[in-house]
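Below is one structure, written out as structure tokens; comments come after it.
Protein chains: 2
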Amino acid sequence: MRLLLASTSRLYGQVYLEYLMDELREFFLSADSIVFVPYARPGGMDWDEYTEIARRGFKAIKIEVVGIHQLSNPAQQLKEHGGIFTGGGNTFVLLKTLYDTGHFDIIKTAVFKGMPYMGSSAGTNVAGLSIGATNDMPIVYPIAFEAFRFVPFNINPHYMDPDPTSTHMGETREQRIAEFHYFNPQPVVGLREGSWLRIQGDSVELRGALSARIFRRGLPAEEIPPGPLLL
Amino acid sequence: MRLLLASTSRLYGQVYLEYLMDELREFFLSADSIVFVPYARPGGMDWDEYTEIARRGFKAIKIEVVGIHQLSNPAQQLKEHGGIFTGGGNTFVLLKTLYDTGHFDIIKTAVFKGMPYMGSSAGTNVAGLSIGATNDMPIVYPIAFEAFRFVPFNINPHYMDPDPTSTHMGETREQRIAEFHYFNPQPVVGLREGSWLRIQGDSVELRGALSARIFRRGLPAEEIPPGPLLL
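Chains as they are written, first to last, in the numbering used here: chain W, 11 to 241; chain U, 11 to 241.
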């Protein structure tokens, strides 16, 4: 298994994928083209439009991008490309569409066979055991919350620390994840914007400049610096 | 139908229900006792513990509180009490437990027959058409997102305005609700902490000191001051 799981596709003040360019060049090294999964539809944007954004983003490293919805037979055609990239948006819309199109199983099989998979935000969330640690609104109802299970934990992208000056009474991200652990046993990786995970087989490495916050059931949360992540 | 739907049970620096006490006194005027629904389990707290918090809160206005889980036959016994109060916590846990216990239909029937219903936070969210505009994490999987449908719209409790100084790339609440409207037609009431709705038959009134933010599909969001709300 070969994965690149990013918290976000864009940092404040930067262009799309800018902070990840060196990493992408290396991750998709031998790829001439990759398949983009546009189903999370950020801002309700349609599949073609979103694929066009990804296409422009990957132009800088001379990789062609084709939308999975543009393939007539994805189960056959996926292997003609050098990787998969699932973009961010709404995690519920993404997962529901993956199930409804039948592309969930096609992608899962390809990645378990070794096809490189990159996700950002919602695309990272679905790489975990379930979408149970997403921040998104449940604007559609998927047939299950079960995700790809590429990694034996859940990921909370766009992880935010509590604001100590806040007077807001809604739960903090950390409180929400603590509630998650009343009902779910798996660890949750709080991945800050600017961080990403590189996974190769069983080894998980945190990259980027920031630490990640790891939540384990029944244990205090832990800050882990960039480097190998033992989960 | 008689409803009191609050954004939160507690304001910053206040005790539980403090800001709502005058309203509660009047809303539950003829009630000696009410039934509490503790199923949202804030912080994973158990049903008895949470019911005890509600019991202490209502002591100030001399109303007894009994947990719905403490009734041997809620379908029969609900009518011996003067109202229902569903507390906040996790909306997915609340809705799943309402369905799993069969209490969803019992409560729905009682409220449509005229029993006063109060909700706060998650308890307010489930009074709408669906839980599709909740802020909560999907930590359990309910058999549907359909809610009580007491009102012909959805409610986003703990509504927060975007922070103009933020460099965070996760979606703002307003962006999330715009995405909701790509897939759902109903209006969403963004209810700020300190606001509540009083509903009597078809009339909806916004109470508290703050305006509410109303989101309608295909239209710009609108700020509505306290007073009658036309939806």
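Glycine included, every Cβ here is placed at the ideal spot set by N, Cα and C.
Return the CA-CA distance between residue i and residue j, expressed in angstroms with no decimal places.
i: Ile234 of chain W; j: Thr107 of chain U; result: 36 Å
i: Leu139 of chain W; j: Asn194 of chain U; result: 28 Å
i: Ala132 of chain U; j: Leu27 of chain W; result: 36 Å
i: Ile187 of chain W; j: Leu105 of chain U; result: 19 Å
i: Leu229 of chain U; j: Thr144 of chain U; result: 21 Å
i: Asp58 of chain U; j: Arg51 of chain U; result: 10 Å
i: Ile116 of chain U; j: Ala137 of chain U; result: 14 Å
i: Asn83 of chain U; j: Arg12 of chain U; result: 23 Å
i: Pro162 of chain U; j: Lys118 of chain U; result: 14 Å
i: Gly218 of chain U; j: Glu33 of chain U; result: 10 Å
i: Leu239 of chain U; j: Leu220 of chain U; result: 13 Å
i: Phe160 of chain W; j: Glu203 of chain W; result: 21 Å
i: Arg65 of chain W; j: His113 of chain W; result: 20 Å
i: Met125 of chain W; j: Gly92 of chain W; result: 7 Å
i: Ser130 of chain W; j: Asp212 of chain U; result: 45 Å
i: Ala85 of chain W; j: Tyr127 of chain U; result: 51 Å
i: Tyr169 of chain W; j: Thr175 of chain W; result: 18 Å
i: Arg20 of chain W; j: Gly67 of chain W; result: 11 Å
i: Ile78 of chain W; j: Gln24 of chain W; result: 27 Å
i: Gly98 of chain U; j: Val214 of chain W; result: 37 Å
i: Phe155 of chain W; j: Tyr109 of chain W; result: 10 Å
i: Thr96 of chain U; j: Lys69 of chain W; result: 53 Å
i: Met179 of chain W; j: Tyr29 of chain U; result: 14 Å
i: Gln80 of chain U; j: Ala41 of chain U; result: 19 Å
i: Tyr192 of chain U; j: Arg227 of chain U; result: 8 Å
i: Gln210 of chain W; j: Ala120 of chain U; result: 56 Å
i: Ile63 of chain U; j: Leu216 of chain U; result: 26 Å
i: Thr111 of chain U; j: Ile73 of chain U; result: 25 Å
i: Glu36 of chain U; j: Thr134 of chain U; result: 19 Å
Round the Cβ separation of residue i and residue j to the nearest angstrom and send it over; I've been treating them as touching at under 8 Å.
i: Ile149 of chain U; j: Glu189 of chain W; result: 6 Å
i: Leu39 of chain U; j: Arg208 of chain U; result: Contact doesn't hold; Cβ gap of about 13 Å is too wide.
i: Met31 of chain U; j: Ile71 of chain U; result: 7 Å
i: Pro152 of chain U; j: Phe102 of chain U; result: 6 Å
i: Tyr22 of chain W; j: Thr177 of chain U; result: 4 Å
Can you tell me whether DSSP reads residue i as helix, strand or coil?
i: Ile117 of chain W; result: helix
i: Gly180 of chain W; result: coil
i: Asn135 of chain W; result: helix
i: Ile78 of chain U; result: helix
i: Phe155 of chain U; result: coil
i: Phe160 of chain W; result: coil
i: Ile187 of chain U; result: helix
i: Leu13 of chain W; result: strand
i: Glu215 of chain U; result: strand
i: Pro148 of chain U; result: coil
i: Pro48 of chain U; result: coil
i: Gly142 of chain W; result: coil
i: Gly237 of chain W; result: strand
Measure from the alpha carbon of residue i to the alpha carbon of each residue in the options, then state which is nearest.
i: Glu232 of chain W; options: W:Leu201, W:Asp173 and W:Leu207; result: W:Leu201
i: Pro167 of chain U; options: W:Met147, W:Phe122, W:Pro197 and W:Pro52; result: W:Met147
i: Gly237 of chain U; options: U:Glu181, U:Ser205 and U:Phe225; result: U:Ser205
i: Arg183 of chain W; options: W:Leu34, W:Pro172 and W:Gln87; result: W:Pro172
i: Gly54 of chain U; options: W:Gln185, W:His113 and W:Val75; result: W:Gln185
i: Asp56 of chain U; options: U:Val25, U:Asn100 and U:Thr119; result: U:Asn100
i: Leu88 of chain U; options: U:Ser43, U:Arg20 and U:Leu239; result: U:Ser43
i: Ser17 of chain U; options: W:Glu181, W:Ser213, W:Pro197 and W:Leu240; result: W:Glu181
i: Ala222 of chain W; options: W:Asp212, W:Pro197, W:Gly211 and W:Gln210; result: W:Pro197
i: Phe122 of chain W; options: W:Phe158, W:Ser130, W:Thr111 and W:Thr177; result: W:Phe158
i: Leu241 of chain W; options: W:Ile165, W:Met170 and W:Val45; result: W:Ile165
i: Phe225 of chain W; options: W:Leu216, W:Gln210 and W:Val199; result: W:Val199
i: Phe46 of chain W; options: W:Val75, W:Phe37 and W:Thr134; result: W:Val75
Within the continuous alpha helix (DSSP H) that includes residue i, where are the two ends?
i: Phe225 of chain U; result: Here Phe225 of chain U belongs to no alpha helix (DSSP H); instead the beta strand (DSSP E) covers Ala222 to Phe225.
i: Pro84 of chain U; result: Pro84 to Gln87
i: Met263 of chain U; result: Residue 263 of chain U is absent from the model: chain U starts at 11 and stops at 241.
i: Arg35 of chain W; result: Met31 to Phe37
i: Leu108 of chain W; result: Thr101 to Thr111
First and last residue of the beta strand (DSSP E) that includes residue i?
i: Glu233 of chain U; result: Glu232 to Ile234
i: Arg251 of chain U; result: In this structure chain U extends from 11 to 241, so residue 251 of chain U is not present and cannot be described.
i: Tyr127 of chain W; result: Tyr127 to Ser130
i: Thr18 of chain U; result: Element bounds for Thr18 of chain U: n/a, residue is neither H nor E.
i: Val198 of chain W; result: Val198 to Gly200
i: Ile209 of chain W; result: Trp206 to Gln210
i: Ile73 of chain W; result: No beta strand (DSSP E) contains Ile73 of chain W, which DSSP labels as neither H nor E.
Mind checking whether the beta-carbon of residue i lies closer than 8 Å to any heavy atom of the ligand ADP?
i: Leu81 of chain W; result: Only the bare structure without any ligand can be found here, which leaves the ligand ADP out of the picture.
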